[in-house]
Structure formats: C-alpha cells, structure tokens
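K.L.:
Residue numbers (this note's numbering), protein chains in the order written: chain B, 1 to 604; chain C, 1001 to 1341.
We treat Cβ as the ideally placed atom computed from N, Cα and C, and that holds for glycine.
Submitted below is the structure of interest, expressed as structure tokens.
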Amino acid sequence: MQPGKPNVSASTAVVPFWRNVKIIGVIAQFVFVIALVAGVGILVNNVVTALAKANLPADFSFLGKPAGIPIAERAIPYQVTDTYARALLIGFLNTLKVAIVGVVLATVIGVLMGVMRLSSNWLVRTMASVYVEVLRNIPLAVQIVFWYSAVLLPFPPRISDPIALPGGLIMSNVGLAFPFLYPTYRFAVWVPYLVAAAVLAGVAWWWRRRTLAKADRVGSVWPFPVVTFLVVAGMGLGLSYVGRSVPSDLTFTFEADRGRGTTAFVVDGKSRPAAFVPVTIEIEKASLTVSSQNLVESRQDVRGSVRFPLMRENEADAFEFAFADAEAAEERGLQLSFDKYPSVATIYVDRNGNGRFDAGEDVDPATNRGYGGVDVVMTVTNFRRTLVSDRDGQVRTPTFKHADDVAAAAVEESAAPRAGTRFSAFGQAATATVSESALSAKTAIQPVGALVLSRAYVPVSNYEGGMRLTVNYLALLLALVVYTSAFIAEIVRGGILAVPKGQREAARAIGLSGTQTFSLIIFPQAMRIVLPPMISQYLNLTKNSSLASLAGYAELFVIASVVSNQTGAAIPIALLLIGSYLVISLAFSLVLNQVNARLALVER
Amino acid sequence: MTRYFRFLVALALVVSAGTVFAQGRLQAIKDRGELRCGVNANLPGFGVPDASGAYTGFDIDFCKAIAAAVFGDASKVVYRPLTAGERPTALQSGEIDVLIRNTTRTSIRETDWGANFAPTTYYDGQGFMVRKDSGINSLRDFEGRSICVQSGTTTETNLGTTLAGLGVQFTPVIFETAPVLIAAYDDGQCDGWTTDGSGLVSYQTQLRVPSDHKILPVIISKEPLGPAVLHGDDQWYDVVSWTVYALFDAEEYGVTQANVDDMLVSAADPQVKRLLGAPGSESYVEAFGLSADAFYQAIKAVGNYGEIFERNLGSGSVFGLERGINAQYYDGGLIYGYPFN
C-alpha cells in the first residue's frame, strides 16, 4: 500500500489536507526551508555577536591595512608596507607555484613508478614496490620535516661556499639558483610578433588538417604550425634586439656602501623601479675585507675559513690577497691556503715548515679552535660583472671599496673612534668618508632586447638574480611530489591491470611488439580508468601544501595564520582560505574533467 | 537531580568565592600553607626543572621570595607549569595565586585578563642572535642577509617594520616552531634569528657551539616582564609588589644573602632596619599582613635582586647576560626600589 493512496472505499470522500500527500509534501518543504534559514541565521548571528563581544573584527576591512609581514618568496613586488590583501595574494601565488609544479612532477614520477611496478624485471619491480610501500605509509608531515631538516639543510655546500656548476647553476643549503629569461621593458616590441605567430600557426594547423583530410592521408598535424610559430616568434625576438638603446629616462643610482644598487625607471613623471635591466659593473681597483670564521658545516667543524663572495676567476684581471693587519699576521705566522680560488681559503700556520697546508695546521693549539676573526683583504683589478635588476629594480654586488676610501676610513677610525664608526661599512657616522665608491665610476646600464638572461650570483649571503628556488620550497615540493607520486603509482598500476587481458592478446596477435602493445593499446585505455582518481590526488597535493610551515615556506596558509594572529580576524581569514582553496580545487577539477570527458569512451 | 547538583556547585562556588574575598587571598594562602605559583617549565634561566625535578630560574626565585615572605619558608611553593595560552585562565580562575611566567605587561592584559602587574623584574625586548664572526654588529649589517623568525607572535611584524624603517633589505624565513628554526639557524640557512631576548639567551645553550654566537646589543620592542596577580585584592597585590621592591632595595642598600644576618643585628641605616624588620625598629612590614621579618626571610632565601639576576642569568649562569637596562637606577638601569617609609 502506498501512503499516498488511502485505502478508502468511497473515492469521492474528501481527504483532509493533513492527510493529502501533495500538501504534506509542500508543507514539509516549507518547514525545511524555514528551519534551514533559521538555523543558518542563528549560527551566523551567533558568530557575529560572539565576535563583536570579543571585540574581534568580523568584516574584511583589515585587508586594506599595512601588513608589516616580511615575506621573502614572492612572484610579485612586495614591501612590508603593503596591505594584508597583497600579502595574502603572494601566499596564494606561492601555493599555486608549489601545487602546479608538484602536480606535474608527481604525475611523471607516479606514472613511471606505476609502470615499473608491472615490469617483468624483478629488480625494477621490487624497487618500485619498495618506493610505493615505504613512501605512502609515512605521514606527509614527517616527510616534510625529514626532507627539510635531515636532507636539505645539512646538505654540504653552505651559502658561504656554494657550488657553481657549469651553465650558471649555483647550489647550496640555502637552495638552488639558475639563469632565467625575463621579459624586459622592450617586451612590448615583441608582442605583435607573438600574436602574429599564434595566428599564423593557427592558420597553418587548419590548412594542414584540411589538406590531410582531403588527401585522405595519415600524418601529424603538428610540425607545420609549430615551425611556423617558432620562425615568426624568433624573427620578432631578433628584431627586438635591433636598434636597441638605453632610454634616457632610465636612471641609475648606486648605494655601494650598502652592497646594493638601485635602478630607477622614470615614466611620465612617475618614479617606478625598473625590473630586469642589465647593469654592467666595472671596477678598476677596489678591495673587499672579510673576517675568517669558525663554522659548523654539515655538522662538521670548518676552521679559520675565509669566504669572499662567489667570484669567478675570469671576472677580473687579478685578485690579490693580504692580511688586513700584516704585522700581526706575520708575528703569528698566519698563511692562506685556497680551497677554491678566489673565494674560499683557510687560515693556517705552517708548523711543519713544508710550505703548504697540511691537515691539523688550521687549529690553534692554544685555543683548540681555528684562527677566527682574522681580517683578510682581497684587492681586485679590472673587475667586471653584468647584473640584471630584480623585480624591485635593484641589483646587489659584493661590498667593494675603493682603495683610497679604505685608507681614508682607516684614518678616520683611528683618529676619532666614536659610536657607529666601528661599523664603518653600514654605520651612519663613517659613511660620509667611504661614499665615493669605486663602483659608481664605471657602472652603466646596458641596452636590451625583449628578453634578458638573468644570471644568479651570491653577493652577500644569499642569491641574487636568476631564478631562485629556496631550500624551503624544495623541501616542501620534494615531500609533496614523493608522497603523492606513491599514490599515483598505485592508481596507474590499477588502471593498467584493469585493461582487459584480451586487448593485450589481440595486440600481440596482430603482431605488435611489447613496447607498441603498451604504448598504443594498453596505456591509452588505462588513462581513461586512471584519470578520475588522479584528479583527487592532484587536489590532495594542493591542499597538503598547507603543511608548508613545517619547512618554513610562506604559502597561503602560513601567511593567513600570521595575518589572523595579528588582526584577530579569524573568521574572515578562514572564509578567505576556504574560498581560495575552493577556487584552486575547482579550477583543477574543471580542466581535468574536460580532459576526462574527451578521453572517455563515447557509448552509443 | 542534575539541576540540584548544578545549583549546589554554583552555590558552593559563590560561597567559596565569598570566603576568599572576605578574608583575602593572603589569609587564604596562609591557611592553605602553600603558595601556588604559575611558572614556565621550558625556559632555561627563567623557569625550568633541573635534573632532580626541582624548579630553578629567575622567575622561580621570585616565587620563592614571596613564599619566604609569607611563610618564612621558601620551600612552601607549589609550581604550576603553564603554557602561554593557559596563563589568563589559570589566573582568572584563582587556580594560581601569582603568575610569574615571563609575562609581558601590556594594557590588554591589565584590562582583558584582569591582571595587576607587580613591578617589572626583567626588562626584555626582541633581540637578534648572530654568529660571532659573521661580521654582523648592527641591524644595518643584515643588508642582503637572511633572518629566521618564528610565526604566531608580533615578532615578525616588529622585525619587518623595524628593518623596513632602516631601509635594510633582508630575506625572512618564517617558521612555526622554535626547534626547527634553531636547526635552520645552526645549519647556516639564516645569518641571524630573532625572538625575545630571554628566549635568545635560553636557546643559545641548545646550539652546537653556543660560544660561537652572540646576541646583538639591539632591542626592537618593549617586553617588560613581571609578576601578575588578579584584580580586586589590594592587600595581596601589595604583598607581591613590595616583596619585589624589597629585593630591589636590598641590592641598593648592599644587603645580600650572605650578610643579611649580620645586617639584621648591626645595620645602622634606618632604611635597612625597616626593610629587614630589625628588632627595636618601628615595623612597616607588619602593615602588609606579614610578619615583621618577612623581607629578611625573602632575602635570606634567594638573595637580593642583583644576586638573583647574576645567579640565574648573569655571570653565575651559563648565559652570562649583562645587566643592561636591568641594572639599578644609579647604574643607569631601570630597577628602582621604593622606600620603606
């Protein structure tokens, strides 16, 4: 018996409305809506009242206030005086940076591991199994801390003694830096060519496809449009270098004493920093003083170590080294031994008199420590280096001083030792005497095309220029990629196994090789099965990036926590966070669902 | 049944609260026979249990001094280790009698917490630690270098705004927890790191070679730390405040843990006599509700302010801190004991 059909004999009997199922249904809907609205209303009211009572902000007005949060990793210009909104935007971009790169890498490694797990080679199969089983069973937080504290931080080369690899790659425990192409102020010249290239490539693609279809031939559509695009775009790029000159409104000032140069780009009376402008620095003769340090590196003692900023031998005609206090050094018998000319040396005393450094001679027997705190002066002749200004329109160089200035500063210091003079490089008192720097004389802005190759350097104790990946970013990325790839490997393996056995047998029967069977028959079919669960793994990776604070990476969640702490606007921040992650997740889903829809079997 | 139970509990609370108010916390403590002191259990130098489980540190000594003043026995203290977040609740609920847990005196804590702060015992501020041979001697030297900072406090804002004001460009690395930060600094990812001065001192001992590091003589924020009691009991507030002043005064008058017994009988200075409650002198101490020799007992138990400082943080400790602004006013510091008159 259905409840809607009362079992009454008289069909004409009037059913009272409380027993009429239609009316009951409508009433139930109304009651539900009212209950829902009231429930939400009560919750919202509760939150708002409670926040007002606790004197906490419940609106988004805090977003416009200056943040004061220092953030190092940023894709767009930022200063501590910028707003909370901008700080959060930088966090959002940083989340995207780790999520997108992570998704690509995790897919590549995951697919590889998944395929390896099905290999007929015992060693390959076992290795992949161990990889998957170990990594997916260790909590992600543990892996992040492991990669950061146990692997990357103790990684041997320190920032004070980085490894400079061929191709301009620099490696140290602070992270990785490599040369990178950036668009310059002349990029606009190239844009029409890029547009034209894209249009022509589209036309070529359409024409090629039509020709193939007409001739009823099998062939790739792609070579023609790709070549067209590259030729036209390349031509445009080449033309952007023709007739280049330095615009007269591009000015350059150098605060050499602060180890920093500043370029200023003046347009329409508005003073804006000029990003990605190459500046060539030339120095006839200047010097640089550093103190030797006793360091603990990679959990090992490095004694009496002298570290000059990373320089290459071909950057100057000559490097000369001397102890700042030559008499005292001679008295103590101190000598220099270069581990890496001209940047890294050890101070030692040649106790066995063989004229070279032997193990143990870097230890002072009196203190059992190295010879720390000894000033060494490097003098360079005809130093030349081209730097590209960063997003804030600045370049940073080693803190060279003109030979005359050093002498003048020394005289000043000995004559009138007063507060501030001790820090002559940075203190205000002494800057007047050393402001006439060797750097300002021959520095010049270089003309540039649409793109500029920015190389990475280590002017003080951090990378400048190029593309920089901090150790914090790398640790988070590694952990996310490795962890997620273990799950992706299992999905891929499952997908491949789910392709019916008959497909493989049929492929073999028509004479396809093992590789062909896999790449043409099995893998494409596996992709269909694999894609939907992969999407959730991508979303997982994105959301898991919120564990970044364990590795000190400033992504959205880290910055939101700081903002929440400072403003007390916990609820608005939580809403912003939810919204941001929702946007990222939905964007991922949208793109991948499109791909999925195209890949899916069309059943008729 | 439940309703009656609740009512009974409420009634009991009201009655007991009434009793505390009626007789005052000082009397309640005396009746109880022990002082309940809210402390930090993780900050070497200020409050940390030693190998035998006994609490030691700068803040702990003030707990002992108050207990000695009240009972004549410094051991009659129950220490309640508190986290930063537990502090206000423990104080408001009356669970502790006095909070001495490196707590900064701020307007919000006086109003929202309902805390009354006794005189500041340690003038702290956000500072910086660097390697001794790094060549960094002032904030300007951080130009182009990196600084590790812990998130969750005002530390990173202080850092950002101060250095931006100086025009110094540096690389900040933000961490959530102190241990990871310390490891990153020790491994050389940062040229320096920043937190409150007391935290710097405390964590310096946990570095691989503590003597390779130094704290810059720069402070970029005000963090006056002192004991706090709950609003609404003036007598108890006076006892805590004047115990602190007594220790300040003792240093000024040259009364130490070693000579306090001699001073009690032989001191000629009427100020000292009043402070110690020397026999035959007019007592100003009994008016607090304490025995006449209360502050004699406090000094006997932990020594004067200078001795407490040197023993826990200064030359007598592994930290070797300078007195700095925590010196007596006549030495250019901010420590100023009020007169017993």
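1. 8 Å is my cut-off, CB to CB: does Pro1172(C) come that close to chain B?
2. Which residue wins for smallest C-alpha separation from Tyr473(B), given the options Ile144(B), Ser519(B), Leu601(B), Ala329(B)?
3. Between the C-alpha atoms of Thr280(B) and Phe254(B), what's the straight-line distance to the nearest angstrom?
4. Can you give me, in chain order, the residues of the region 1074-1100 of chain C that have a beta carbon less than 8 Å from any beta carbon in chain B?
5. Taking buried to mean at least 16 other C-beta atoms within 10 Å of its own C-beta, is Ala425(B) buried or exposed?
6. To be precise: take each residue of the region 540-568 of chain B, compare its Cβ to all Cβ atoms of chain C, and keep it if any distance is under 9 Å. Which residues remain?
7. Is it buried or exposed, Met235(B), if we count other Cβ atoms within 10 angstroms and call 16 or more buried?
8. Which ranges does the alpha helix (DSSP H) cover as unbroken runs of at least 4 residues, wholly within the region 315-401 of chain B, from first to last along the chain?
9. By Cβ distance, which residues of its chain are closer than 8 Å to Asp1331(C), with the 5 residues on each side in sequence left out?
10. List the residues of chain C whose Cβ lies closer than 9 Å to the Cβ of Ala72(B), in chain order.
11. Using a Cβ-Cβ cut-off of less than 7 Å, give me the residues of the region 471-493 of chain B that come near chain C, in sequence order.
12. Tell me which residue opens and which closes the alpha helix (DSSP H) that Lys97(B) is part of.
13. I'd like the list of long-range same chain contacts for Ile1220(C), defined as Cβ closer than 6 Å, with 5 residues on each side in sequence excluded.
14. Which same chain residues, not among the five before or five after Thr1155(C), have their C-beta less than 7 Å away from its C-beta?
15. Under 8 Å, do Pro179(B) and Ala450(B) count as touching if we go by C-beta distance?
16. Whose CA, out of Trp1113(C), Cys1063(C), Leu1082(C), Arg1080(C), lies closest to the CA of Asp1073(C)?
17. For the beta strand (DSSP E) that contains Asn1116(C), what are its first and last residues?
18. Is the beta carbon of Arg125(B) less than 8 Å from the beta carbon of Met113(B)?
19. Work out the CA separation of Leu230(B) and Gly626(B) for me, nearest whole Å.
20. For Arg208(B) and Ala233(B), what's the separation of their Cα atoms in angstroms?
21. So with CB distances below 7 Å, who are the chain B contacts of Ala1246(C)?
22. Buried or exposed: which applies to Glu505(B), given that a residue is buried once 16 or more other Cβ atoms fall within 10 Å of its Cβ?
23. Looking only at its chain, what residues have a beta carbon closer than 6 Å to the beta carbon of Ala1250(C), apart from the 5 residues adjacent to it on each side?
24. Report the CB separation of Val471(B) from Asn173(B) in whole angstroms; it is logged as a contact under 8 Å.
25. Can you find a CB in chain B that lies within less than 8 Å of the CB of Ser1134(C)?
26. Assign Lys1273(C) to buried or exposed, taking buried as 16 or more other Cβ atoms, counted over all protein chains shown, within 10 Å of its Cβ.
27. What residues from the region 156-168 of chain B come within 8 Å of chain C, judged by C-beta to C-beta, listed N to C?
28. Using a Cβ-Cβ distance cut-off of 8 Å, determine whether Pro459(B) contacts chain C.
29. Just verifying my parser: in three-state terms, what is the DSSP assignment at Met235(B)?
30. Helix or strand or just coil, what does DSSP make of Gly1144(C)?
31. Just how far apart, CA to CA, sit Phe588(B) and Arg598(B)?
32. Cβ of Val1180(C) less than 8 Å from any chain B Cβ?
33. When DSSP labels each residue in this structure, what does Trp222(B) get in the three-state scheme?
34. Residue range of the beta strand (DSSP E) that Glu284(B) falls in?
35. Where Gly68(B) and Asp82(B) are concerned, what is the direct C-alpha to C-alpha distance, given to the nearest angstrom?
36. Could you tell me if Arg1101(C) is buried or exposed, where buried requires 16 or more neighbouring beta carbons within 10 angstroms of its beta carbon?
P.N.:
This is what the structure holds:
1. In the second sequence, the residue the question calls residue 1172(C) occupies position 172. Pro1172(C) has a beta carbon lying within less than 8 Å of a beta carbon in chain B.
2. As a first step, residue 473(B) must be located in the first sequence, where it is residue number 473. Proximity to Tyr473(B) across Ile144(B), Ser519(B), Leu601(B), Ala329(B) peaks at Ile144(B), based on C-alpha coordinates.
3. As a first step, residue 280(B) is located in the first sequence; it is residue number 280 there, counting from the start. As a first step, residue 254(B) is located in the first sequence; it is residue number 254 there, counting from the start. C-alpha separation (whole angstroms): 12 Å.
4. Cβ contacts with chain B come from no residue of the region 1074-1100 of chain C.
5. As a working mapping, residue 425(B) is identified with position 425 in the first sequence. For Ala425(B), the pLDDT reaches just 28, beneath the cut-off of 50, and the residue's location in the model is therefore unreliable, leaving the point undetermined.
6. Near chain C, meaning a CB-to-CB distance below 9 Å, the residues of the region 540-568 of chain B are Ser549, Leu550, Ala551, Gly552, Tyr553, Ala554, Val558, Ile559, Ser561, Val562, Asn565, Gln566.
7. To locate residue 235(B), count along the first sequence from 1; it is residue 235. The residue in question, Met235(B), is exposed, as its Cβ has fewer than 16 Cβ neighbours within 10 Å.
8. Entirely contained in the region 315-401 of chain B, the alpha helix (DSSP H) runs reaching 4 residues are, in chain order, 326-332.
9. On the second sequence, position 331 is the one that residue 1331(C) refers to. Only Arg1323 meet the Cβ criterion.
10. Residue mapping note: residue 72(B) aligns to position 72 of the first sequence, counting from 1. Result: Ser1146, Phe1170, Thr1171, Pro1172, Val1173, Ile1174.
11. So the close ones are Val471, Asn472.
12. For the purposes of this step, residue 97(B) is taken as the residue at position 97 of the first sequence. 84-117 is the extent of the alpha helix (DSSP H) around Lys97(B).
13. Position 220 of the second sequence holds residue 1220(C). Here Ile1220(C) has Gln1126, Asn1158, Thr1162 as same chain residues with Cβ atoms under 6 Å from its own Cβ, once five neighbours each way along the sequence are excluded.
14. Against the second sequence, residue 1155(C) aligns to sequence position 155. Cβ neighbours of Thr1155(C) beyond the five flanking positions: Gln1126, Val1149, Thr1194, Thr1195.
15. Working through the first sequence from its first residue, we reach residue 179(B) at position 179. Working through the first sequence from its first residue, we reach residue 450(B) at position 450. When the beta-carbon positions are compared, Pro179(B) and Ala450(B) stay at least 8 Å from each other.
16. Taking the second sequence and counting its residues from 1, one reaches residue 1073(C) at position 73. The residue with the shortest Cα to Cα distance from Asp1073(C) is Cys1063(C).
17. Against the second sequence, residue 1116(C) aligns to sequence position 116. Its beta strand (DSSP E) spans residues 1115-1117.
18. Position 125 of the first sequence, counted from the first residue, corresponds to residue 125(B). Position 113 of the first sequence, counted from the first residue, corresponds to residue 113(B). The beta carbons of Arg125(B) and Met113(B) sit no closer together than 8 Å.
19. In the structure displayed, chain B extends from 1 to 604; residue 626(B) sits before or after that span and is not available.
20. Your numbering for residue 208(B) matches position 208 in the first sequence. Your numbering for residue 233(B) matches position 233 in the first sequence. Cα to Cα, the separation comes out at about 20 Å.
21. On the second sequence, residue 1246(C) is found 246 positions in, with the first residue counted as 1. Within chain B, no residue comes near Ala1246(C); the closest Cβ sits about 37 Å away, beyond 7 Å.
22. Stepping through the first sequence from its first residue, residue 505(B) is reached at position 505. Within 10 angstroms of the beta-carbon of Glu505(B) lie fewer than 16 other beta-carbons, which makes it exposed.
23. Numbered from its first residue, the second sequence carries residue 1250(C) at position 250. The beta carbon of Ala1250(C) sits closer than 6 Å to those of Ile1299, Asn1304, all from its chain and outside the five residues before and after it, given in chain order.
24. As a position in the first sequence, residue 471(B) is number 471, starting the count at 1. As a position in the first sequence, residue 173(B) is number 173, starting the count at 1. That belief holds up - the Cβ atoms of Val471(B) and Asn173(B) are roughly 6 Å apart, short of 8 Å.
25. As a position in the second sequence, residue 1134(C) is number 134, starting the count at 1. Interface criterion met: the Cβ of Ser1134(C) is under 8 Å from a Cβ in chain B.
26. Residue mapping note: residue 1273(C) aligns to position 273 of the second sequence, counting from 1. Taking a 10 Å sphere around the C-beta of Lys1273(C), we find 16 or more other C-beta atoms and assign the residue as buried.
27. From the region 156-168 of chain B, only Arg158, Ile159, Ser160 have a Cβ closer than 8 Å to chain C.
28. Here residue 459(B) is taken as the residue at index 459 of the first sequence, counted from 1. Cβ-Cβ to chain C under 8 Å: yes for Pro459(B).
29. Position 235 of the first sequence, counted from the first residue, corresponds to residue 235(B). The three-state reading of DSSP puts Met235(B) in helix, counting H, G and I together.
30. Walking along the second sequence from the start, residue 1144(C) turns up at place 144. In the structure shown, the three-state DSSP call for Gly1144(C) is coil.
31. What you label residue 588(B) is simply residue 588 of the first sequence in a count that begins at 1. What you label residue 598(B) is simply residue 598 of the first sequence in a count that begins at 1. Going by the C-alpha atoms only, they are around 16 Å apart.
32. Taking the first residue of the second sequence as position 1, residue 1180(C) is located at position 180. Yes, its Cβ sits closer than 8 Å to a Cβ of chain B.
33. To locate residue 222(B), count along the first sequence from 1; it is residue 222. DSSP places Trp222(B) outside both helix and strand once states are collapsed to three, so it counts as coil.
34. Within the first sequence, numbered from 1, the residue matching residue 284(B) stands at position 284. From DSSP, the beta strand (DSSP E) with Glu284(B) extends over 278-291.
35. As a first step, residue 68(B) must be located in the first sequence, where it is residue number 68. As a first step, residue 82(B) must be located in the first sequence, where it is residue number 82. When rounded, the separation of the alpha-carbon atoms in Gly68(B) and Asp82(B) is 7 Å.
36. Mapped onto the second sequence, residue 1101(C) falls at position 101. Looking at its Cβ environment, which holds 16 or more other Cβ atoms inside 10 Å, Arg1101(C) is buried.
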